[in-house]
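Have a look at the structure below, then the notes.
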Amino acid sequence: MGYRLTRRNLFSAGAGAAAVGLAGCATTTSATASAAAEARGAFPPEPKEASLFGPEPGLALLSRNENPYGPAPSALKMIEAAARKGAYYTNEEATKTLAGMIAERHGVSPEQIVITTGSGEALSALALIYGPKGPIVAPRLFWDTTALYAAKLGLAEITRIPLTEDMNMDLPAMEAAITPETGMVQLCNPNNPTGIAMPGSVIRAAASSMAAKTTVVVDEAYIELVDDEASMTCIPLIKEGKDVIVTRTFSKIYGMAGIRVGYTISSAETAAKIRYTQMSWTPCTSIAAAIGCYNDEAFIAGSKSKIVEAREMITTTLDTLGLPYLKSQTNFVYFQSGMPANDLQKAMAAEQISIRGQYMDYTPWSRVSTGKLEDVERFCKALPRMVNA
């Protein structure tokens, strides 16, 4: 692990430097003492600062689909190095380096990659680019925050297509809803909040057909968590020249939700449009973290293993209780407890366990994330008491 910058280390280093530079001197000048006092005032106690980030003490945070096992040590090392140069704007070469790494893995050119501040920025930008052209066709349930962003600004409308009976995206119905006025189609695979991953051959065939009529955006935030990423992704359609855009994030498998790094893969022409909408650049520490951990296969494998273990702990509990749930290939599970989702959320909150409440009019369905194993265990112990009360 790299050197950790703390208030104590900072002043220890300062004292060491003073001892070397002022050897033989028994006292410091009043100016030095004054500067030291000023510096102490600029650094609040570390515990107080740390308490501003992450979950509150004692809270089992299982509501936001975060991966508590990140950031990787490889990311933290780069964050520290970049933070020491935080006086300078993000170097364009750093962003290009990350884009080049991503492009190399996926077999595209760096010009086809746009680095964004989380995939949220990417999806918001796409809604702003394509929403004004016409309605955004999307599943009734999907991660709609970014599309709603454009809608709230009066720049887009969302045409929601009901899910199938088994809670899948109804791809034929979505394609049938496309008109010459459609702005874009937005897919999410695996989907959120359902957790369902549609077979790659199915979603690629549908996306390919839709892309002949309009732009298709595929949100692949959770794709690194599926059983077989290579067979599931829609990136091959981009290589074939289809009007498809894929968005991805470092928030999930890499455990960097608060650090905010995402990216898009598209044609070079589309990438240029996306860059034009960006309000600023991704912070240097975020770019550095992503560079540090992108190819950290040991961390990725370990992270995924813990997520799967937690997910299986949840589904085993649901099986024992005879509660229905959707097969997930993500870091969350969508299930029915037999009570309204908001009621279960309140009951869990009373025991300092945070889960997601009701989505839209899906009253019986609750979503729980795979957080730390000990937090998931708390949820699994609490759930039987609540459903059997």
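Read left to right, the sequence shown gives residues -33 to -1, 1 to 356 (mature numbering (1 follows the signal peptide of the UniProt record, and there is no 0)).
Cβ atoms here follow ideal geometry from the backbone N, Cα and C, with glycine treated the same way.
Residue range of the unbroken alpha helix (DSSP H) whose run includes residue i
{"i": "Phe266", "result": "264 to 288"}
{"i": "Arg352", "result": "340 to 354"}
{"i": "Arg116", "result": "Reading the sequence as shown, one finds Tyr at residue 116 and not Arg. First-last of the alpha helix (DSSP H) with Tyr116: 112 to 119."}
{"i": "Pro106", "result": "Premise fails: Pro106 lies in the beta strand (DSSP E), 103 to 106, not in any alpha helix (DSSP H)."}
{"i": "Gln312", "result": "308 to 316"}
{"i": "Ser336", "result": "Not the alpha helix (DSSP H): Ser336 falls in the beta strand (DSSP E), residues 332 to 336."}
{"i": "Ile46", "result": "40 to 50"}
Segment limits, beta strand (DSSP E) that includes residue i
{"i": "Ile145", "result": "Neither: Ile145 is in no beta strand (DSSP E) and is coded neither H nor E."}
{"i": "Ile82", "result": "80 to 83"}
{"i": "Met151", "result": "151 to 155"}
{"i": "Arg215", "result": "211 to 216"}
{"i": "Phe302", "result": "299 to 303"}
{"i": "Thr126", "result": "125 to 128"}
Three-state secondary structure (DSSP) of residue i
{"i": "Ala3", "result": "Bear in mind that the predicted position of Ala3 carries a pLDDT of just 42, short of 50, making it unreliable; the figure below should be weighed with that in mind. Ala3: helix per DSSP, three-state reduction."}
{"i": "Ser321", "result": "strand"}
{"i": "Ala9", "result": "For Ala9, the predicted model reports a pLDDT of 43, less than 50, meaning its position is unreliable and no value from the coordinates is stated."}
{"i": "Val169", "result": "helix"}
{"i": "Thr182", "result": "strand"}
{"i": "Ile163", "result": "coil"}
{"i": "Ala27", "result": "strand"}
{"i": "Cys201", "result": "coil"}
{"i": "Tyr329", "result": "strand"}
{"i": "residue 390", "result": "Since the displayed the chain opens at -33 and closes at 356, residue 390 lies outside it and no answer follows."}
{"i": "Thr(-7)", "result": "Reliability of the predicted coordinates at Thr(-7) is poor, the pLDDT of 41 falling under 50, and no value is obtained from them."}
{"i": "Tyr97", "result": "helix"}
{"i": "Leu(-12)", "result": "At Leu(-12), the pLDDT of 36 sits below 50, so the modelled position is not reliable and the matter cannot be decided from this model."}
{"i": "Gly(-20)", "result": "A caution first: Gly(-20) carries a pLDDT of 42, below 50, which makes its placement in the model unreliable, though a value can still be read off. Looking at Gly(-20) - three-state DSSP - the assignment turns out to be helix."}
Reference residue i, options the options, closest by Cα
{"i": "Thr64", "options": "Glu132, Asn262, Ala179", "result": "Asn262"}
{"i": "Thr181", "options": "Val152, Ser272, Ala50, Pro203", "result": "Val152"}
{"i": "Leu95", "options": "Glu23, Arg31, Ala114", "result": "Ala114"}
{"i": "Leu108", "options": "Ile82, Val81, Asn158", "result": "Asn158"}
{"i": "Ala308", "options": "Gln319, Lys294, Asp328, Asn298", "result": "Asp328"}
{"i": "Trp110", "options": "Gly101, Met136, Ala49", "result": "Met136"}
{"i": "Thr83", "options": "Ala66, Pro99, Pro22, Pro351", "result": "Ala66"}
{"i": "residue 379", "options": "Gln79, Ala257, Gly167", "result": "Absent from the model: residue 379. The displayed extent of the chain is -33 to 356, so no value can be given."}
{"i": "Pro147", "options": "Lys119, Thr252, Ala179, Leu130", "result": "Ala179"}
{"i": "Lys294", "options": "Glu71, Thr161, Leu26, Leu204", "result": "Thr161"}
{"i": "Ala235", "options": "Gln325, Ala143, Ser91, Asp210", "result": "Asp210"}
{"i": "Ser218", "options": "Leu19, Ala42, Asp310, Lys206", "result": "Ala42"}
{"i": "Trp248", "options": "Gly338, Tyr55, Asp310, Val104", "result": "Tyr55"}
{"i": "Ser272", "options": "Gly324, Thr337, Thr284, Ala173", "result": "Thr337"}
{"i": "Gln245", "options": "Ala39, Glu279, Gly87", "result": "Gly87"}
{"i": "Ser224", "options": "Ser76, Tyr189, Ile205", "result": "In the sequence as presented, Ser is not what sits at residue 224; that position holds Ala. Measuring from the Cα of Ala224, the nearest candidate turns out to be Tyr189."}
{"i": "Tyr36", "options": "Ala144, Lys44, Ile267", "result": "Ile267"}
{"i": "Val300", "options": "Lys15, Gly25, Leu29", "result": "Leu29"}
{"i": "Pro102", "options": "Gly74, Leu340, Ala123", "result": "Ala123"}
{"i": "Leu204", "options": "Asn298, Ala257, Gly167", "result": "Gly167"}
{"i": "Thr241", "options": "Met165, Leu90, Ile69", "result": "Checking the displayed sequence, the identity of residue 241 turns out to be Ile instead of Thr. The shortest C-alpha separation from Ile241 is found at Leu90."}
{"i": "Asn156", "options": "Ala174, Glu142, Ile145, Ala144", "result": "Ala174"}
CB-CB length for residue i against residue j, believed under 8 Å
{"i": "Ala17", "j": "Ala255", "result": "In fact, because the Cβ distance is near 21 Å, the residues do not count as touching under 8 Å."}
{"i": "Gly150", "j": "Pro99", "result": "7 Å"}
{"i": "Ile281", "j": "Val343", "result": "6 Å"}
{"i": "Thr34", "j": "Gly269", "result": "Note on residue identity: the sequence assigns Asn, not Thr, to residue 34. About 11 Å; that fails the 8 Å criterion."}
{"i": "Thr214", "j": "Asp195", "result": "Not confirmed; about 20 Å, so no contact."}
{"i": "Ala356", "j": "Met315", "result": "The Cβ separation is near 13 Å, so there is no contact."}
Review point. In chain order, which continuous runs of the beta strand (DSSP E) of length 3 or greater are located wholly inside the stretch 219 to 254?
Key: As for any beta strand (DSSP E) of minimum length 3 sitting wholly inside the stretch 219 to 254, the runs are 229 to 232, ordered along the chain.
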